[in-house]
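Residue numbers (the numbering used here): 1 to 129.
No residue lacks a Cβ here, since even glycine has one placed at the ideal position from N, Cα and C.
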Ligand SMILES: [Zn+2]
């Protein structure tokens, strides 16, 4: 008769001892291999919300620059003495003859990334620089 079968028979004959054996296995102190941290699946960071809203959309157009011809934003960053070059593929905003990169439109308040902007609409005309 095999040894394992004998143990099984003993376990059946002595259920309390068998349960204690299982309990001791379950509560055993961890071994070295148990100390290795289990990699926890970190939830992927959600992509930042890059949506842009034009606060007063009447008269504004969003354009993707198609060509490599030189085109400059109508604004300068504070402290800079040059106009931004709008590059091919860049999305910019047009109001009449004026073209604005998204950064300037955001800085000027013509555009916003606040989805609920319409709940906090600014009263009065846009500031002119
Ligand atoms: Zn600009």
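Note to self: With H, G and I counted as helix, E and B as strand and the rest as coil, what does DSSP make of residue 101?
What the structure shows: Looking up residue 101 in the chain shown gives position 101. Three-state DSSP puts residue 101 in a strand.
Note to self: Please enumerate, following chain order, all residues with a beta carbon closer than 5 Å to at least one heavy atom belonging to ligand 1.
What the structure shows: 73, 75, 84, 101, 104
Notebook entry, point to check: Which word fits residue 66, buried or exposed, when buried means at least 16 other C-beta atoms lie within 10 angstroms of its C-beta?
Noted result: Locating residue 66 in the chain shown gives position 66, counting from the first residue. Classification of residue 66: exposed, given that the 10 Å Cβ count is below 16.
Checklist line | Per-residue burial, residue 82 [other beta carbons within 10 Å of its own, 16 or more giving buried] | finding: Taking the first residue of the chain shown as position 1, residue 82 is located at position 82. Its Cβ having fewer than 16 others within 10 Å, residue 82 is exposed.
Next item on the list: Take the Cβ of residue 45 as the centre, count every other Cβ of all protein chains shown within 10 Å, and call the residue buried at 16 or more, exposed below.
Entry: Position 45 of the chain shown, counting from 1, holds the residue named residue 45. So residue 45 counts as exposed.
Next item on the list: List the endpoints of the continuous beta strand (DSSP E) containing residue 62.
Entry: Stepping through the chain shown from its first residue, residue 62 is reached at position 62. Residues 60-64.
Notebook entry, point to check: Do you know offhand how far residue 54's Cα is from residue 120's?
Noted result: Taking the chain shown and counting its residues from 1, the one referred to as residue 54 is at position 54. Taking the chain shown and counting its residues from 1, the one referred to as residue 120 is at position 120. Looking at the two C-alpha atoms, the distance is approximately 13 Å.
Notebook entry, point to check: Which term fits residue 91, buried or exposed, when burial requires 16 or more other beta carbons within 10 angstroms of its beta carbon?
Noted result: For this step, residue 91 is matched to residue 91 along the chain shown. It counts as exposed.
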